[in-house]
Structure formats: structure tokens, C-alpha cells
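Undergrad:
Number of protein chains: 2
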Amino acid sequence: MLAAREEAIIQAVNRLLAEKGFDAMTVDEVAADVGIAKASLYKHFQSKEELAAAAMVRVMQRAEEFLAAVDAQLVPLDKLKVVVRWMLETLLAGQMPTLPSQNSSLRAVLLANRDYIDALMRISDTLGRWIESAQADGSVNSRLPAVAVLYTLYARACDPVVEFLKAGGQHSDAEIVELVMCTCFEGLNSRG
Amino acid sequence: MLAAREEAIIQAVNRLLAEKGFDAMTVDEVAADVGIAKASLYKHFQSKEELAAAAMVRVMQRAEEFLAAVDAQLVPLDKLKVVVRWMLETLLAGQMPTLPSQNSSLRAVLLANRDYIDALMRISDTLGRWIESAQADGSVNSRLPAVAVLYTLYARACDPVVEFLKAGGQHSDAEIVELVMCTCFEGLNSRG
DNA sequence: GTCTATATACGGATAGAC
DNA sequence: GTCTATCCGTATATAGAC
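As you go down the protein sequences, you meet chains W and A in turn. Start counting the first sequence at 0; every next residue gets the next number (numbering that gives the first Met the number 0). Start counting the second sequence at 0; every next residue gets the next number (numbering that gives the first Met the number 0).
#1: Tell me whether V139(A) sits in a helix, a strand or coil according to DSSP, three-state version.
#2: Give, in chain order, every residue of the region 26-54 of chain A whose Cβ lies closer than 7 angstroms to some Cβ of chain W.
#3: Report the option in E177(W), A173(W), N112(W) and K47(W) whose CA atom is closest to the CA atom of N13(W).
#4: Need the endpoints of the alpha helix (DSSP H) that G20(W) sits in, please.
#5: Cα separation between V74(A) and A133(A)?
#6: Alpha carbons only, please: which of V108(W), P159(W) and G186(W) is nearest the one belonging to F44(W)?
#7: Could you tell me the distance, in whole angstroms, from the CA atom of C183(A) to the CA atom of A135(A)?
#8: Using a Cβ cut-off of 9 angstroms, pull out every chain W residue sitting near N140(A), in sequence order please.
#9: Against chain W, which members of the region 114-141 of chain A pass a CB distance test of less than 7 angstroms?
#10: How should N102(W) be labelled, buried or exposed, when 16 other C-beta atoms within 10 angstroms of its C-beta is the threshold for buried?
#11: By the DSSP assignment, the alpha helix (DSSP H) with F163(W) in it spans what residues?
#12: So, under 8 angstroms CB-CB, L90(A) and A156(A) are touching, yes? Tell me the CB distance rounded to an integer number of Å.
#13: For the alpha helix (DSSP H) that I175(W) lies in, which residues bound it at each end?
#14: Taking Cβ positions only, does K19(W) come closer than 9 angstroms to chain A?
#15: Does Q162(W) have its Cβ less than 9 angstroms from a Cβ in chain A?
#16: Of the residues that make up the region 92-107 of chain W, which ones have a beta carbon closer than 9 angstroms to any beta carbon in chain A?
#17: So, is L1(W) buried or exposed, given that buried needs 16 or more other C-beta atoms within 10 angstroms?
#18: Sorted by chain position, which residues of the same chain lie with C-beta nearer than 7 angstroms to S123(W)'s C-beta, five sequence neighbours on each side aside?
#19: Got a sec? Which residues, its chain only, sit under 6 angstroms from I9(A) by beta carbon, not counting five neighbours each side?
#20: Residue ranges of each alpha helix (DSSP H) run of no fewer than 4 residues wholly in the region 82-159 of chain A, ordered along the chain?
#21: Using a cut-off of 8 angstroms between C-beta atoms, extract the partners of T143(W) located in chain A.
#22: Please compile the residues from chain W whose C-beta is within a distance smaller than 9 angstroms of the C-beta of P159(A).
#23: At 8 angstroms on the CB atoms, spell out the chain W contacts of A23(A), in chain order.
#24: Are the Cβ atoms of V146(A) and V161(A) separated by less than 9 angstroms?
#25: Mind checking which residues open and close the alpha helix (DSSP H) that includes D197(A)?
#26: Can L105(W) and L152(W) be called in contact, C-beta distance under 9 angstroms?
#27: Check whether the Cβ atoms of S189(A) and S171(W) lie closer than 9 angstroms to each other.
#28: Terminal residues of the continuous alpha helix (DSSP H) containing S39(A)?
#29: What's the gap between the Cα of V139(W) and the Cα of E18(W)?
#30: If I'm right that V82(A) touches V69(A) with Cβ under 8 angstroms, what's the distance once you round it to whole angstroms?
#31: Can you say whether A202(W) is buried or exposed, counting buried as having 16 or more other CB atoms within 10 angstroms of its CB?
#32: Mark G186(A) as exposed unless 16 or more other C-beta atoms lie within 10 angstroms of its C-beta, in which case mark it buried.
#33: Which residues in chain W have a C-beta closer than 8 angstroms to the C-beta of G167(A)? List them in chain order.
#34: Pull up the distance between the alpha-carbon of G168(A) and that of I175(A), whole angstroms please.
The structure is reproduced here in C-alpha cells:
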């Protein structure tokens, strides 16, 4: 079954991207992980970049599903918090693929991928509406440009603080999530 | 002059690390940037990893100099803010070297580098004292473990929000610094 | 210490049989 | 579509002359 095989490939790529990132991930590893020959991989995907792009599209799909399932009754701020918590938990579970931050061959492929770009824009639209609503109702600082808030939320998906705290071994995963949630929304300063 | 030559090498490495990161930086580029043959580089440094380590040691030295020059009259919170502002400005200036977040050959070399580790520990000690003082005087949230605060500050040195906002082109460097300072210390939530 | 030239390894991608 | 075997570019590192 072709679809099942490609699903297995994408899962392997997702896991390896989360574990070591795009540069360190090799196509040989992916093939070994799936249990097929490297040449067979190239019958399904044209390049390493498209392999990674497929995994990113899948993540975007999951993100959209998650957004759609967020309780509509929540106030906007709580919707945003639910999303960030999900990103942190995914990161802690070793299932959040990480891309090279700087420009690379992968960037060009992703920007050319309609599915990826469309999903990213729909997600950004949804989050953007929630952010503006939260600013309108006074729960999110309205002196921050909405786009700055959006990027700050997105950045939690690759926050190095998570792995540092996890490496320290002093905190459970749940505690790490709450600590990062706190620094993100409450900030480092004391309140009141 | 040997020292001057090595200084030029370290500066080139620092610039390239900041621009494209460790993986994408090639030794050929470093040699070309310095204007010497690649083989000559290897007379000064044993490997690409040691090349990067030397640049990181240099950055740590600069950080220590900066810490030592911070106005002792400032309250602890303001000392921390001055440091974060310096990190963000260095990042925006394209002079903050970025390392691979995951484990790599570079990590082993850095951990084995006494100068690097010692400087990192001295810096962490100083910042740790400021953090605890700031928590004691009520200016930093004392429900956060000091180490979580420390990591959150360190993470500003590679915050992707900075490059996203810069790529957006809607904000000056000074505005970007203030926006990230705000999200870091004030958080996304409204105050009061 | 600097150079040119080269050794060596690795990894992305392909050829061609089945 | 899957395999084995191979190509080939790139990048780290080194040899050896000067």
C-alpha cells in the first residue's frame, strides 16, 4: 500500500527532524528507519528537502486539526494558551520537527510548497484573530504588534529552554510546560 | 604576527557562525575570508570544532567584560535588562555566533574546553546572583526557579523572533530590541 | 607558516536489474 | 517499486614542497 508506506516514511522523517534537525538527518537513516532501500525513498520523494517538506505539511495539518478542535467557548487568551501548551508538549515528546533557522535549500522548497504555505497562512490567520480579540478584550498587551505576539508564540515550538530544563533533570515534563507557559505569558517580572 | 593572524581567523569564524551557523559554515569559507590557504588554518587550529570553540571562547570573554562593566549602582533587575539588551543588539548586528541546538561533535569539544566552561560558569554565577537578588527584592517572579530564569535570559541570544521581525521589515533594530525585551520581562499578558 | 595538491569520508542522488 | 551497486559533489583534513 503506497499511502501506508509514505505515511511510515513521513513519521520516520518527523521523528528524525525532531531528534537531530534537518542538517544532521541523513537520507540513509530515514531509509534504515523505515526499513527500505534509499533508492526506494527517492521513488516517493524527489529530494531530502521534499522529504522534510512532507513532514512539515503533516505537522501543519495536525496543527490545523488541533486549532479546529479548540473549545470555541474559551476566551481568546485561553485559546492561545491551549495552543502554546500543545506545542510545548509536542516539543517535549520529541515530535516537533526542527528546521534550520537560517536560509537554506529547505527554505526554498517550503516556500514553493503550496500545501505548506496555505496551511501556514490559515493557521496564522486563526491565531492572528485570537490575538487581536485578546488585545481588544484587554487580556493581551495591546502595545505589542499582533505579529510580534504571533512570532513569540510560534517560537515556543523550538524553545531551547525546554531542552535545557529537561537536560537538567530537576523538573517533570508537566512542570517544564508550566514554567515556559509562565515566562511566555507572565514574563520574568513580578506581577502586581 | 601570530596573534594578529589568529585574531583575524576568530573574527571571520565569529561572523560566519552568526551568519549561517556551524553546520553551514565551511573551513574553505573561513580561509577565503581571512585570505589564507585552508592548510594554513589547520596550523593554528586542529579542527573545525576547535575553530568554532575559539570563537565561542572569545564571545564568552566579551560577555564577561560586559558584565564587569555593568553599573554596580543599578538594581539587580536593571542589570539583567542591560545584559539582555546587549545580547539582542549583538544578535541584530549579526555578531552572535549560533551553535547547533542538538548534540554534535562541537558540543563535545566545547564541554572539553576549560576556558569555555570556566567562563560559562563564571557568567552563570554572576547572572545567578543578580537573579536571586532580583527575586529577593520582589522585582523578578520568585515562583520561577532561578535556573529557569537564567535559561530564559540565555535563550534571547538566539531568539528567532528577532530575525523574523527583522525579515518583516516593519521595525527598526531599536524597536525590535524593545519588543523582545517587553515580551521577555513583561510577558504577553496585559499588566494590571 | 604558507602554499598547492591530494587523500579520505560522507551523503545526496541515480543506474539498471528484477 | 524495490533492490544493489555506484556515481559524484562537497567538505574535512593532510602531505610535502618551499
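For each residue, glycine too, the CB sits at the ideal point set by N, CA and C. Owing to the predicted nature of the structure, the values given are computational and were not obtained by experimental measurement.
TA: Checking against the coordinates, here is how it stands:
#1: DSSP places V139(A) in the strand class (E or B) of the three-state scheme.
#2: Within the region 26-54 of chain A, no residue has a Cβ that lies closer than 7 angstroms to any Cβ of chain W.
#3: Checking every option, the nearest Cα to that of N13(W) belongs to K47(W).
#4: Taken as a continuous stretch (DSSP letters only), the alpha helix (DSSP H) holding G20(W) covers L1 to A23.
#5: C-alpha separation (whole angstroms): 8 angstroms.
#6: With distances taken between Cα atoms, F44(W) lies closest to V108(W).
#7: A135(A) has its alpha-carbon roughly 19 angstroms from the corresponding atom of C183(A).
#8: For N140(A), the residues of chain W that pass the 9 angstroms Cβ criterion are C181, T182, E185, G186, L187, N188, S189 and R190, in the order they occur in the chain.
#9: Answer set for the region 114-141 of chain A: G137, S138, V139 and N140.
#10: Around the beta carbon of N102(W), fewer than 16 other beta carbons lie within 10 angstroms, which makes this residue exposed.
#11: First-last of the alpha helix (DSSP H) with F163(W): P159 to G167.
#12: Between A156(A) and L90(A) the Cβ distance is about 6 angstroms, and since that is below 8 angstroms, they are a contact.
#13: Counted as a single uninterrupted DSSP element, the alpha helix (DSSP H) harbouring I175(W) occupies residues D172 to F184.
#14: By this cut-off, K19(W) is an interface position.
#15: Per the sequence presented here, residue 162(W) reads as Glu, with Gln not at that position. With respect to chain A, the C-beta atom of E162(W) has a partner C-beta closer than 9 angstroms.
#16: Against chain A - using a Cβ distance shorter than 9 angstroms - the residues of the region 92-107 of chain W are T97, P99, S100, Q101, N102 and S103.
#17: By the 10 Å Cβ count, L1(W) comes out exposed.
#18: Result list for S123(W): L149, in chain order.
#19: A53, A54 and R57, listed in sequence order.
#20: DSSP runs (the alpha helix (DSSP H)) wholly in the region 82-159 of chain A: 104-111, 113-135 and 145-153.
#21: For the record, residue 143(W) in the displayed sequence is Leu; it is not Thr. Chain order gives the chain A residues near L143(W) as L178, C181, T182 and L187, where near means a beta carbon separation below 8 angstroms.
#22: Under the 9 angstroms cutoff, chain W gives S100, Y150, Y153, A154 and C157.
#23: Neighbours of A23(A) in chain W, taken as residues whose beta carbon is under 8 angstroms from its own, are D22, P99, Q101 and S103 in chain order.
#24: Contact flag unset, no.
#25: With chain A represented from 0 up to 191, any question about residue 197(A) goes unanswered, as that position is not in the structure.
#26: The answer is no: Cβ separation not under 9 angstroms.
#27: By the CB criterion at 9 angstroms, S189(A) and S171(W) fall outside the cutoff.
#28: Where S39(A) is concerned, the enclosing alpha helix (DSSP H) stretches over K37 to H43.
#29: Put simply, the backbone Cα of V139(W) is about 33 angstroms away from that of E18(W).
#30: With 8 angstroms as the limit, V82(A) and V69(A) qualify as a contact, their Cβ atoms being about 7 angstroms apart.
#31: A query on residue 202(W) cannot be resolved here, the shown segment of chain W reaching from 0 to 191 and no further.
#32: The residue is buried, with at least 16 neighbouring Cβ atoms inside 10 Å.
#33: Within chain W, the residues near G167(A) are V146.
#34: In a straight line, the C-alpha of G168(A) is about 10 angstroms away from that of I175(A).
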